[in-house]
Amino acid sequence: MLNSFFSYFKNKKGQGLSVETIIVLVLLLIVLVVVVLIFTGQSKMIFDNVREFFGLINETPKNLTGTIK
1 MLNSFFSYFK NKKGQGLSVE TIIVLVLLLI VLVVVVLIFT GQSKMIFDNV
51 REFFGLINET PKNLTGTIK
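In structure tokens:
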């Protein structure tokens, strides 16, 4: 059973999954997870983490609000 599982990943004689197919499957899995998280109300977690990763600010600091005293 285990040998038949690993035979899918061996690309000998035109058999098995190619690297492109594996990459496409992984990308589809990531998209599916993001869609499920959005529909379950967890999208704020995703977008906050993306903003934090790229270094974007989430809130305007108090000294940049534009009010002059």
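Residue numbering for the sequence shown follows the numbering used here, starting at 1 and increasing by one per position.
Cβ atoms here follow ideal geometry from the backbone N, Cα and C, with glycine treated the same way.
In this text the structure is predicted, and so the values were computed from the model without any measurement.
Straight through space, the alpha carbons of residue 34 and residue 18 are spaced by roughly 25 angstroms. In this structure, the straight-line span from the alpha carbon of residue 26 to that of residue 49 is close to 20 angstroms.
In this structure, the straight-line span from the alpha carbon of residue 29 to that of residue 38 is close to 14 angstroms. The C-alpha of residue 36 is placed about 13 angstroms away from the C-alpha of residue 44. For residue 17, no alpha helix (DSSP H) encloses it, and the DSSP letter there is neither H nor E.
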